[in-house]
Structures are given as structure tokens and as C-alpha cells.
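Here the structure comes first, spelled out in C-alpha cells, and everything after it is commentary.
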Amino acid sequence: MLNLKKRYYPYSWLLGILLILSIFYQEYQSLSYTSQMILLLLKSHYEGFRLNIFFYALSLLFDVCRMKSLSLVAIILYFFLTHKLNNYYLPDGGNPVGHLYLKAGLLNNYNHIPEMAIYYPTSLKDCSKCKKGFKWLKVKDYAKKMEDTAKKDVHRKRRIPYLFFRIVVSQFYKFMINVYENAQIDLNFAETTDNLSKFSVIILSHGLASHCDGYSVIARYLAQQGHIVFVPEHIENIRNIYLTNEENREYRKLQLQDRIKTIKQVLDIIYDEKQFSDLFKHPNNKIQPDFDQISIIGHSFGGSTAYAIAQTEKRVTGACILYDPCLYIFDFEEKVKLHIPLLSINSDDFYRRLYSFMENDERLEKAFQLIDGPISDHCANIYIKDQQHADFSDIPIIWNGESGLYSISINVHEVHLRFGMILLLTKIFLEESKQYHKIKHNKQNQDGNVELKQKILQEVEKQFGNQSQNLLRWTAIPNK
Numbered sequence: 002m003l004n005l006k007k008r009y010y011p012y013s014w015l016l017g018i019l020l021i022l023s024i025f026y027q028e029y030q031s032l033s034y035t036s037q038m039i040l041l042l043l044k045s046h047y048e049g050f051r052l053n054i055f056f057y058a059l060s061l062l063f064d065v066c067r068m069k070s071l072s073l074v075a076i077i078l079y080f081f082l083t084h085k086l087n088n089y090y091l092p093d094g095g096n097p098v099g100h101l102y103l104k105a106g107l108l109n110n111y112n113h114i115p116e117m118a119i120y121y122p123t124s125l126k127d128c129s130k131c132k133k134g135f136k137w138l139k140v141k142d143y144a145k146k147m148e149d150t151a152k153k154d155v156h157r158k159r160r161i162p163y164l165f166f167r168i169v170v171s172q173f174y175k176f177m178i179n180v181y182e183n184a185q186i187d188l189n190f191a192e193t194t195d196n197l198s199k200f201s202v203i204i205l206s207h208g209l210a211s212h213c214d215g216y217s218v219i220a221r222y223l224a225q226q227g228h229i230v231f232v233p234e235h236i237e238n239i240r241n242i243y244l245t246n247e248e249n250r251e252y253r254k255l256q257l258q259d260r261i262k263t264i265k266q267v268l269d270i271i272y273d274e275k276q277f278s279d280l281f282k283h284p285n286n287k288i289q290p291d292f293d294q295i296s297i298i299g300h301s302f303g304g305s306t307a308y309a310i311a312q313t314e315k316r317v318t319g320a321c322i323l324y325d326p327c328l329y330i331f332d333f334e335e336k337v338k339l340h341i342p343l344l345s346i347n348s349d350d351f352y353r354r355l356y357s358f359m360e361n362d363e364r365l366e367k368a369f370q371l372i373d374g375p376i377s378d379h380c381a382n383i384y385i386k387d388q389q390h391a392d393f394s395d396i397p398i399i400w401n402g403e404s405g406l407y408s409i410s411i412n413v414h415e416v417h418l419r420f421g422m423i424l425l426l427t428k429i430f431l432e433e434s435k436q437y438h439k440i441k442h443n444k445q446n447q448d449g450n451v452e453l454k455q456k457i458l459q460e461v462e463k464q465f466g467n468q469s470q471n472l473l474r475w476t477a478i479p480n481k
């Protein structure tokens, strides 16, 4: 399970209290308004704004217009939302994690790189002189990204206005990832011989509406397990001008090619021993990737990216893990040739509910049926009960209350359970894949991947007990 700490908003409560004083005590009205303006500036700087601010503004407007009863109703709703909309800090604790942020451009004056974040293990001793904390969001137009994502969901019952995103996204800029910038890498997690230290490497490809630090919980967790995690920034349009499903499919195929190019640029850096080692600047040892353990993970359209890379890019040698991938852009007519194990962890009914035309669950099942050869015994397709599409990212943690209110997530009070399951399944599969590569598999088992499923269930039951039976499924839910 993931341990989360609730975030409190003291300036929100103080604003409401001052407004109540203004409503009931006319003699303090002038002082109250002045204090509220000061608090609003402080809130904007330290907390950002949330959905409840709309009711505060409404209550203030009614108060100025001497409409006391309406002002009270609005302030009651404001207090209700302030209490109801829980958000959490991004996780802290455990082994410390280092963080590098690279801007797009030339690296060492000779190789172009995409913008990216890199997470890696470090030690407390080496962190003493490093700055802790890195802003979760740097993208300036993130409100537009979120609005475009909401408009994509044509069957969503509640339409979300752009003004809403412009205001509430301001709080995202206040969250900090608990990492140490430019800290020295911890060699205790490496396989070290002489002055050479090898680390397993993971590339994480984000979804359409996210950014390179939008999966910090997963990236940080993987770094704590000893992996170096590269998260490149994919810069692209979320919406498109095409109206038919087929036109949309072709447009996404073009975008996929851009993403594949970005991942190949990251792989170029990983396979350039000098460039890779220079990133971490260790004073004594040369840092190298373990070329037998280079894996890729992707969420949503990032899952499309990871799946395409797993079939074509031999430099990815470890495992491929898909988080609720979007596979409708692929044609499944021939056997799928894979050289690394494949795991897909999926949400309950996201594609069926909002994008039924994609037939994504059917395509996903077909993708696994078409895997050719003995490696199919080491691939698995899993569904998590109540898991929603956005739950693989940091959004249901830093935007927990609003995620539930706008059906971005459900049962938001259990997000720590579902996130814990994602992290555990990822860890199990990476370890199983490592064992797979140590043994030559020439024959296909008659019972398929039953042995892999049993291993996964055994490990999950150790952590979740009997709950695991209710949380996991091996097939998609049937059409209603």
C-alpha cells in the first residue's frame, strides 16, 4: 500500500472565517475585506486555487450586494467543499531519490536530446548538500491540455469549462516532488566490479495529457528499488481536427511515430557509455546501464508507444509493462513477435465506457493471443477493480477530491490501495522478467502462463491478503 499524507489548506479556512465576520458584523466589513485580499494573495502563492474558490467568490459577491441569505448559502457550500475535497502530498519517506531535469537541446554539444526527467537512487549522506524538492508541474499550458482531454471524453456526463481548469490547475504548480536535485547516485544498488557500476534502466512514456514529472510516484518508487528511470517529455496535440474514427486513427499513428523517435533518442543516450556516465558525474566510478535490463513502461498512449517499441527495438532487453494502453491504432492480423516479457495492467472499463468504438479490450486480448512462441508463457493481462484510467498518474493523489467529483476517479478514498497494487505488480513483473532472461526457454507450456499468474497472486496475497481476490481480474468485464 502507498502511504499518503493529507494536505491541509489553512488559508482556505481563514478566508471563509473572515467572510463570515463580514456577513454578520458590518462594523468589521472594511477590515475583513482588506484581510481577505491579503489572504487571497498568500493563498495564490502558497496553495493555489481549487473548486471551492468559485463559491467563495459567489458568497463575497452576494455579501457586497447585501444579499445576506444567499451569501450564507454560498459560504456553507464553500466550507463543505473545503472539508470534502481531500488532496494528498506526493509521497515522501523510504530511500532517498535523486532527480535530474534535462532541457531539450544538445547534450555535450553533439547529440540532440528531448526534454526529460531522470530519477535514480541516492543516499542520505550524499543528499546533505542538495536541494530537496522539485516542482511537479513546469508546463505553462497545462490547463489547455486538461481541457482538451475533457473534451475528448464525449460521453462524460459533466462538461468542464475552461475557466475551471485555468483556476484549479494553479494548485498543481505548488506541489513538490520529494527528490534531491543533482544528488550523487548510490552505488549500493549497482552491480559493481572494479570502477564500473551497472544499473538497470527503465524508460517511462507518459500519456497524452501528462508531462515528464506526471508519474513521479511510480518513477520515484522504481528509483527506490534501484532502477534509473528516464521519463521523456512528449510534446504533441491531444485533440485533432479529424472527425471520423479512421481519420483519428491515422492521425494518432503519425503521433506515435514522433513518440517512437523520442524513445529512440533516449535509447541513444543510454547506449552511449560516455554520455550516460557523464549524466551522473560520479567522482570514483563509471556509471553504466545493465544492457540486459533495459525496460520500458507506458501509460495510455504511452502504452501504445511502449508496445510499438517492444516489437521493433532490440535495445530494450528487460520487460515491457503497459498501463491501460490504447491499442486501437494497431492492426492485429499476424502473430506478434516479442523478445521481452509483456504485462498489461488495466483499468475497469475506461475504454468501453468512453471510447467503445476503439474496441480496446478486445484488441488487447487479441494482442496477447497472438504473441508467438514460448515467451507467451511469460506475458500477462491484468485488470484492477475500480481502477480508472487516470489512476496510474499522480492526478488522483494531488487532485483527489476533484477527481472523484468529476468522475476522473472513483472510490478516491481507496486510491492508496490501487496505487499500491500497481507498484507491487510492476515490481513483481520486473523481477520475474529478470529471472526469465537468465534461463533459455525453448518450449511452450501446455498450460500457458498459469505458472506466472500463480506467482503474481502469491506475491499479491502476501501484501493484500484476501483483498487480492477482489481487486484483480484476468479478463475484461463483460459489456453491459
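The opening residue of the sequence shown carries number 2 in my numbering; numbering runs sequentially from there. Using N, Cα and C, we set each Cβ at its ideal position, and we do this for glycine too.
Separation of residue j from residue i, as counted between CA atoms
| i | j | result |
| --- | --- | --- |
| S410 | L19 | 33 Å |
| H235 | L52 | 29 Å |
| K44 | I186 | 36 Å |
| N285 | Q294 | 23 Å |
| D269 | A75 | 56 Å |
| R316 | Q468 | 38 Å |
| F63 | S36 | 18 Å |
| K439 | Y12 | 56 Å |
| F464 | E248 | First, the residue type needs correcting, since residue 464 is Gln and not Phe in the sequence shown. Using only the alpha carbons, I get a separation of about 45 Å. |
| A224 | L125 | 14 Å |
| D279 | L323 | 30 Å |
Sequence-distant residues of its chain with Cβ nearer than 8 Å to residue i (five each side left out)
| i | result |
| --- | --- |
| V413 | N87, P397, N401, G402, S404, G405 |
| F50 | K44, I168, V169, S171, Q172 |
| I383 | L344, S345, I346, N347, L426, I457, L473, R474, W475 |
| Y216 | L205, H207, V232, H300, F393, S394, D395 |
Per-residue burial, residue i [other beta carbons within 10 Å of its own, 16 or more giving buried]
| i | result |
| --- | --- |
| D392 | buried |
| E116 | buried |
| Y143 | buried |
| G319 | buried |
| D373 | exposed |
| N238 | exposed |
| H46 | exposed |
| I288 | buried |
| M38 | exposed |
| L164 | exposed |
| P162 | exposed |
| G17 | buried |
| F200 | buried |
| C66 | exposed |
Reduced DSSP secondary structure (H/G/I, E/B, other) of residue i
| i | result |
| --- | --- |
| E452 | helix |
| V180 | strand |
| Q294 | strand |
| K146 | helix |
| C321 | strand |
| Q258 | helix |
| H565 | Since the displayed the chain opens at 2 and closes at 481, residue 565 lies outside it and no answer follows. |
| E251 | helix |
| A118 | strand |
| L371 | coil |
| I385 | strand |
| Q459 | helix |
| F166 | helix |
| Q289 | strand |
| R8 | strand |
Range covered by the beta strand (DSSP E) that runs through residue i
| i | result |
| --- | --- |
| V140 | Taken as a continuous stretch (DSSP letters only), V140 belongs to no beta strand (DSSP E), as it is neither H nor E. |
| G99 | 98 to 103 |
| V74 | V74 -> not in any beta strand (DSSP E); alpha helix (DSSP H) instead, spanning 69 to 85. |
| I343 | Checking the sequence, you will find Leu at residue 343 rather than Ile. That run of the beta strand (DSSP E) goes 343 to 347. |
| L197 | 197 to 206 |
| V232 | 229 to 233 |
| E192 | 192 to 194 |
Proximal residues to residue i (C-beta, below 6 Å), its chain only, five neighbours per side dropped
| i | result |
| --- | --- |
| G227 | P122, F190 |
| R260 | H235, T306 |
Same chain, Cβ closer than 7 Å to residue i, five either side skipped, listed in chain order
| i | result |
| --- | --- |
| G303 | S206, H207, G208 |
| Q470 | none |
| L5 | Y89, P92, I398, H417 |
| L59 | A75 |
| F358 | N246 |
| L61 | L20 |
| L328 | S305, Y308, N361, R364, L365, A368 |
First through last residue of the alpha helix (DSSP H) which encompasses residue i
| i | result |
| --- | --- |
| M422 | 416 to 439 |
| N401 | 401 to 406 |
| V65 | 54 to 65 |
| S36 | 30 to 47 |
| L125 | 125 to 128 |
| Q468 | 468 to 472 |
is_contact[residue i, chain B] using C-beta, thresh 8 Å
| i | result |
| --- | --- |
| Y90 | Considering every chain present, this structure includes no chain B. It has just one protein chain. |
The ligand SAH heavy atom lying under 7 Å from the CB of residue i
| i | result |
| --- | --- |
| I119 | Summarising the ligand content, the structure contains no ligands, and the ligand SAH is consequently not present. |
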